[in-house]
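Engineer: My questions will all concern the structure given below.
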Amino acid sequence: KYGSVSKPIIWHTHIAETEDEKEKIENTFNVKLEGGVFEYLDSLGVLGDDVIAAHCVALTPKDIQIMRKRNVKVSHNPVSNLKLASGISPVPQMLKNGITVSLGTDSPCSNNNTDMFYLMKTASLLHKGVSKNPTVMPAEQVLKMATINGAKALSWDMEIGSLEPGKKADLAIIDFKKPHLCPLYNEASHIVYAANPSDVETVVINGEIVMENRTLQKINIHKLMEKIEKTKECLLARLRE
């Protein structure tokens, strides 16, 4: 383990993503796991508040106890888990145990987009449907998972993640004057269940405006897309070799 108390190094890994992960670990490394994957990692002394565990689908009750004890942070990736048919992470149980759960898109390979609005809605509706309880994962809680909990997972919550005096100005300004967001009653509910990326008008990072009136200030999007297309062709050419 690396880092220091003043400058901790956060490390991230995928843990308990699928039901057969434990079996694969046993077969690959010739070990016998008496408990869950987290129990094994805890025996190695690698778990702590500097760990971001992605997915956390196949968890045992003992795993959740260990995660709480070691203050492990979680990145919940509902869209990826659904697309890959990995299973459903017991997020409500983790939240009840005081575990910090943030939201993750995983990657374009296992999600196809990085739309946080779609991710928030999916996370909320998924757990409502599975639990058959409409009060599970309310909009306010999911919005926190997408903002301040993400900052907490990275140990940046004293700098970003919420609008507070002394924190960096990291924010997205949403235009609520849209037919699908009218009438405006509950902002959090609108953001989670009705808003989409095209509703974001301005983005500020550390006090610097990087998008204004839906126009990127630092990037030529057309040139970037051209570069990406060329990169794609290069990759496809390699596959054909």
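Going by the working numbering, the sequence shown opens with residue 9, and the numbers climb by one from there. All C-beta atoms in this analysis are idealised placements derived from N, C-alpha and C, irrespective of residue type, glycine included. Note that the structure is predicted; figures quoted are calculated from it, not measured.
Three Cβ pairs or more, each shorter than 8 Å: is that satisfied between the region 159-177 and the region 210-224?
Structural biologist: They touch, by the three-pair rule.
Engineer: In angstroms, rounded to a whole number, what distance separates the CA positions of N38 and D28?
Structural biologist: If I take the Cα positions, the gap works out to 15 Å.
Engineer: Does the distance from the C-beta atom of A108 to that of K70 stay below 8 Å?
Structural biologist: For clarity, residue 108 is Thr in the given sequence; the question names Ala instead. In this structure, K70 does not lie closer than 8 Å to T108 by Cβ.
Engineer: Tell whether a beta-carbon distance below 8 Å holds between S97 and G158.
Structural biologist: The answer is no: Cβ separation not under 8 Å.
Engineer: Starting from the C-beta of L162, find all residues in its chain whose C-beta is less than 7 Å away, skip the five residues before and the five after it, and write them out in chain order.
Structural biologist: Around L162: I18.
Engineer: Find out if the Cβ-Cβ distance for the pair K91, V59 is shorter than 8 Å.
Structural biologist: No, the pair does not count as a contact, with Cβ atoms beyond the cut-off.
Engineer: Do V211 and A245 come within 8 Å of each other at the CB atom, strictly closer than that value?
Structural biologist: It is not a contact, given that the beta carbons lie outside the stated cut-off.
Engineer: Taking the alpha-carbon positions, what's the I23 to M153 distance?
Structural biologist: Using only the alpha carbons, I get a separation of about 19 Å.
Engineer: What residue from I156, I182, W164, D183 has the CA that sits closest to S170's CA?
Structural biologist: Minimum Cα distance to S170 is reached at I156.
Engineer: Per DSSP, which residues does F224 bridge with? Please list them.
Structural biologist: First, the residue type needs correcting, since residue 224 is Leu and not Phe in the sequence shown. DSSP output for L224 lists M219 as bridge partner(s).
Engineer: What are the start and end residues of each continuous alpha helix (DSSP H) run of 4 or more residues lying completely inside the region 176-209, in chain order?
Structural biologist: List check, alpha helix (DSSP H) in window: 195-201.
Engineer: By the DSSP assignment, the beta strand (DSSP E) with S83 in it spans what residues?
Structural biologist: Where S83 is concerned, the enclosing beta strand (DSSP E) stretches over 81-84.
Engineer: As a quick exercise: from C117, G95, I168, N228, pick the residue whose alpha carbon is nearest that of H135.
Structural biologist: Cα-wise, what sits closest to H135 is G95.
Engineer: Under three-state DSSP, which class holds A24?
Structural biologist: Three-state DSSP puts A24 in coil, outside helix and strand.
Engineer: Since V87 and L127 are thought to touch, with beta carbons under 8 Å apart, how far apart are those beta carbons, to the nearest angstrom?
Structural biologist: So it is a contact: roughly 6 Å between Cβ atoms.
Engineer: Roughly how many angstroms separate the alpha carbons of D183 and T21, rounded to a whole number?
Structural biologist: Straight-line Cα distance between these residues: approximately 36 Å.
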